[in-house]
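Engineer: Here it is: the structure, laid out below.
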Amino acid sequence: MSPPVKLIGSFFDSPFVHRAEAALRLKGVPYELIQEDMENKSELLLQHNPIHKKVPVLVHGDHAVCESLVIVEYVDEAFDGPPLLPSDPADRAAARFWAQLMDTKCRRPLVLSFLTEGELREGFLRETKENLALLEAQLDGKRFFGGDSVGYLDIALSALSRWTAVFEEMTGVSLVGGDDFPGLRRWAEEYTSNEAVRQCLPSMEHLKAQFSAKKDKVKSVAMGHGDAAAGAVIR
Amino acid sequence: MAAAAGVELRLLGEWLSPYCIRVKQALAVKGVAGYEYVEEDLEHKSELLLSSNPVHGKVPVLIHRGAPVCESLVIVQYVDEAWAGPAILPSDPYERSRARFWAAYIDDKFFPSWEPFFKSKTAEDRAETFKNAIPAVETLEKALTECSSSEGKPFFGGDSIGYVDVALGGYLAWIKAVDEVAGTSLFDEAKFPRLAAWAERFAAADAVRDASPAVEDIVVFYKKMQAAETGAEH
Chain A
15 MSPPVKLIGS FFDSPFVHRA EAALRLKGVP YELIQEDMEN KSELLLQHNP IHKKVPVLVH
75 GDHAVCESLV IVEYVDEAFD GPPLLPSDPA DRAAARFWAQ LMDTKCRRPL VLSFLTEGEL
135 REGFLRETKE NLALLEAQLD GKRFFGGDSV GYLDIALSAL SRWTAVFEEM TGVSLVGGDD
195 FPGLRRWAEE YTSNEAVRQC LPSMEHLKAQ FSAKKDKVKS VAMGHGDAAA GAVIR
Chain B
24 MAAAAGVELR LLGEWLSPYC IRVKQALAVK GVAGYEYVEE DLEHKSELLL SSNPVHGKVP
84 VLIHRGAPVC ESLVIVQYVD EAWAGPAILP SDPYERSRAR FWAAYIDDKF FPSWEPFFKS
144 KTAEDRAETF KNAIPAVETL EKALTECSSS EGKPFFGGDS IGYVDVALGG YLAWIKAVDE
204 VAGTSLFDEA KFPRLAAWAE RFAAADAVRD ASPAVEDIVV FYKKMQAAET GAEH
């Protein structure tokens, strides 16, 4: 029998932790969620992710898996259940390419679209809309990026759903929720309505409270340190 | 669209790019031969490159039966999955997660920590940036120890070249070239015996030798590059 699974997450509702939880729930793997206080990191976290000291970390028996997308692939491969990645190598390569794009190219300007103002904001918005247009084209009228069911790429792009909706509501900026990307808008609704996903999705209210409290910190890190920063601060 | 009919497999690359070198190494390890290699002039990118990688316009791009695959590590995994041949990633899910973790570390932490050293020109800069590159090397020495286990297997992949080996391997000729010009030794034998041994074994492997540029050619290029930049500053 498979040893128990623990997922080290954080009190801040990180989209990276969500990726790991979504994968576990979609795969049907029971797990215990441990909420980490990132201001006061535990021995458990430091022991299992000594190099990056970040969440999420999946602990499966005496195996520790770090990095959210690596966790998603691990969950897909280590447990039985509906497949998260497609089976065809070319489709898998496409899913990995777009997931990587989200983290290396899309995330920072997306976050900064909401956190900056004026001309700076206009620049980030332009860049974000270009990125969203690429994703809209990739979605190509499908229900999910994975096809008929939620898959790896949907999970990888999940920050475009609830988290982006919260930002949009708080700032009045319209991106996924607007009329420019009808496919993505519908996708976000489908994703957040999914039975398994819903159980590990933070509520709008909860996220609003989190962002209000952390806004300045999120912004300074995102502005200062480049691509990894916008993700790093909410990891 | 420019893709020529009947070309089953094509790699768009640039001979100096570590990311292209690692894809060539992966293809060689997998035993995939007979592909067409196209050397791109990055100052004048081909229509084929721009249409195959519209998002980034970068090399490497692998075009298999007309369908492009982009991003070097995505390509390496694709090569592993689309062809039969020696496994590049291990079969065990946990071992695979470790391989992915270390490959990401090499690109996200190791290379950015080495890059300032590669770019430095004065003796002072070099000393400082070389020192700053060492912590990541220490981590890689530990990673190799973890991956190769107590039996002291030669590669990150164990007995044979694997995913992490080509991830780091793409940079190796460059590391050696810069060491030669700067008079340094990044994978110093005394300090990092396992990495030093790995570097030697990796470079000597058949698959790698044919797929990697000659260190001397990179030395020539690197010296020209440094001289040109210094000239421009004055």
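First to last, the sequence lines map onto chains A and B.
FYI, in the working numbering the residues of the first sequence are 15 to 249.
FYI, in the working numbering the residues of the second sequence are 24 to 257.
Glycine residues also receive a C-beta, built at the ideal position from the N, C-alpha and C atoms.
1) Any beta carbon of chain B sitting closer than 9 Å to that of Glu141 (chain A)?
2) Considering only the alpha carbon of each residue, which of B:Pro77, B:Val82 and B:Leu32 lies closest to Tyr42 (chain B)?
3) Any Cβ of chain A within less than 9 Å of the Cβ of Tyr186 (chain B)?
4) Using a 10 Å radius around the Cβ and a threshold of 16 neighbouring Cβ atoms, would you call Leu73 (chain B) buried or exposed?
5) Assign Gln224 (chain A) to one of two classes, buried (16 or more other C-beta atoms within 10 Å of its C-beta) or exposed (fewer than that).
6) How would you list, in chain order, the residues of chain B whose beta-carbon sits under 9 Å from the beta-carbon of Leu148 (chain A)?
7) Straight-line CA distance for Arg39 (chain A) to Ala210 (chain A)?
8) With a threshold of 9 Å between beta-carbons, can Val82 (chain B) be considered close to chain A, or not?
9) From what residue to what residue does the beta strand (DSSP E) around Ser74 (chain B) run?
10) Note down the Cα distance separating Lys132 (chain B) from Ala159 (chain B), rounded to an integer number of angstroms.
11) Against Glu104 (chain B), what residues of chain A qualify as contacts under a CB-to-CB distance less than 7 Å, listed in chain order?
12) Let me know the secondary structure DSSP gives Cys43 (chain B) once reduced to three states.
13) May I have the straight-line CA-CA distance separating Trp125 (chain B) from Val187 (chain B), to the nearest angstrom?
14) Taking a Cβ distance cut-off of 7 Å, strictly less, list which residues of the region 106-118 of chain B are near chain A, in chain order.
15) How far does the beta strand (DSSP E) with Ser24 (chain A) in it extend, from its first residue to its last?
16) Compare the beta carbon distance of Ala34 (chain A) and Met116 (chain A) with 9 Å and say whether it is the shorter of the two.
17) Taking the alpha carbon of Gln48 (chain B) as the point to measure from, which residue in B:Lys214, B:Val78 and B:Leu191 has its own alpha carbon closest?
18) Decide if Asn54 (chain A) is buried, meaning its Cβ has at least 16 other Cβ atoms within 10 Å, or exposed.
19) Give me the Cβ distance between Val8 (chain A) and Gly95 (chain A), rounded to the nearest whole Å; I'm assuming they're in contact under 8 Å.
20) Please confirm if Ala90 (chain B) has its CB atom under 9 Å from at least one CB of chain A.
21) Using a threshold of 9 Å, state whether the C-beta atoms of Phe128 (chain A) and Glu182 (chain A) are closer than that.
22) Going along chain A in order, which residues have a C-beta closer than 8 Å to the C-beta of Gln100 (chain B)?
23) Determine whether the beta carbon atoms of Ala220 (chain B) and Glu212 (chain B) lie at a separation below 9 Å.
24) In the DSSP assignment, the alpha helix (DSSP H) including Gly36 (chain B) goes from what residue to what residue?
25) Using a Cβ-Cβ distance cut-off of 9 Å, determine whether Ser120 (chain B) contacts chain A.
26) Since Ile241 (chain B) contacts Ala200 (chain B) with CB under 8 Å, what's their CB separation in whole angstroms?
27) Taking only beta carbons into account, state which residues of the region 125-152 of chain B come closer than 9 Å to chain A, listed in chain order.
28) Just to make sure I have the definition right: I need the residues of chain B whose C-beta is within less than 7 Å of the C-beta of Ile169 (chain A). Which are they?
29) Along chain B, in chain order, which residues have C-beta atoms closer than 9 Å to that of Ile22 (chain A)?
30) State the start and end residues of the unbroken alpha helix (DSSP H) segment that holds Gln114 (chain A).
31) Assuming contact is defined by CB atoms lying nearer than 9 Å, are Val55 (chain B) and Ser95 (chain B) in contact in what I supplied?
32) In three-state DSSP terms, what is Ile169 (chain A)?
33) Please return the same chain residues whose Cβ sits closer than 6 Å to the Cβ of Ala147 (chain A), not counting the five positions on each side in sequence.
34) For Leu115 (chain A), which residues in chain B fall below 9 Å Cβ to Cβ?
35) Note down, in chain order, every chain A residue with its Cβ under 8 Å from the Cβ of Thr162 (chain B).
36) How many Å lie between Lys247 (chain B) and Glu204 (chain A) at the Cα?
Structural biologist: On the basis of the supplied data:
1) Answer no: the Cβ-Cβ gap between Glu141 (chain A) and chain B never drops below 9 Å.
2) The shortest C-alpha separation from Tyr42 (chain B) is found at B:Val82.
3) Cβ-Cβ to chain A under 9 Å: no for Tyr186 (chain B).
4) Exposed is the call here.
5) In this structure Gln224 (chain A) is buried. Its beta-carbon is surrounded by 16 or more other beta-carbon atoms within 10 angstroms.
6) Within 9 Å of the CB of Leu148 (chain A), the CB atoms of chain B belong to Pro77 and Val78, in sequence order along the chain.
7) Per the coordinates, the alpha-carbon of Arg39 (chain A) lies some 6 Å from the alpha-carbon of Ala210 (chain A).
8) In terms of beta-carbon proximity, Val82 (chain B) stays away from the interface with chain A, with every pair separated by 9 Å or more.
9) Note, Ser74 (chain B): premise wrong, no beta strand (DSSP E); alpha helix (DSSP H) at Glu70 to Ser75.
10) If you draw a straight line from the Cα of Lys132 (chain B) to the Cα of Ala159 (chain B), it comes to about 7 Å.
11) Within 7 Å Cβ-Cβ: Pro103 and Arg106.
12) Under the three-state reduction of DSSP output, Cys43 (chain B) falls in the helix class.
13) Each residue's Cα considered, the two are about 6 Å apart.
14) Going along the region 106-118 of chain B in chain order, one finds Pro116 and Tyr117 with a Cβ nearer than 7 Å to chain A.
15) Per DSSP, Ser24 (chain A) belongs to the beta strand (DSSP E) from Val19 to Ser24.
16) No, these two residues do not count as a Cβ contact at 9 Å.
17) Comparing Cα-Cα distances from Gln48 (chain B) to each of B:Lys214, B:Val78 and B:Leu191, the minimum goes to B:Leu191.
18) With a 10 Å radius around the Cβ and a threshold of 16 neighbouring Cβ atoms, Asn54 (chain A) comes out exposed.
19) One cannot answer for residue 8 (chain A) here, as it falls past the ends of chain A, which runs 15 to 249.
20) Under the Cβ criterion of 9 Å, Ala90 (chain B) is counted among the residues facing chain A.
21) With respect to the 9 Å criterion, Phe128 (chain A) and Glu182 (chain A) are classified as neighbours on the basis of their beta carbons.
22) Near Gln100 (chain B) (Cβ distances below 8 Å), the residues of chain A are Arg106, Ala107 and Arg110.
23) Yes, the pair counts as a contact, with Cβ atoms nearer than the cut-off.
24) Not the alpha helix (DSSP H): Gly36 (chain B) falls in the beta strand (DSSP E), residues Leu32 to Gly36.
25) Judged by the 9 Å Cβ criterion, Ser120 (chain B) is in contact with chain A.
26) For a cut-off of 8 Å, the C-beta gap from Ile241 (chain B) to Ala200 (chain B) is around 4 Å, short enough to register as a contact.
27) Hits within the stretch, in order: Ala127, Tyr128, Asp131 and Lys132.
28) Those within 7 Å of Ile169 (chain A) in chain B number zero; the least Cβ separation is about 16 Å.
29) Those do not exist, as Ile22 (chain A) stays about 15 Å from chain B at its closest Cβ, beyond 9 Å.
30) Note, Gln114 (chain A): alpha helix (DSSP H), Pro103 to Leu115.
31) Remark: C-beta atoms of Val55 (chain B) and Ser95 (chain B) do not approach each other more closely than 9 Å.
32) Correct three-state label for Ile169 (chain A): helix.
33) Once the five neighbours on either side are set aside, Ala147 (chain A) has no close Cβ partner at all.
34) Annotation: Cβ neighbours of Leu115 (chain A) in chain B (cutoff 9 Å, chain order): Val78, His79 and Glu94.
35) Within chain A, the residues near Thr162 (chain B) are Ile65.
36) Here the C-alpha atom of Lys247 (chain B) lies approximately 55 Å from the C-alpha atom of Glu204 (chain A).
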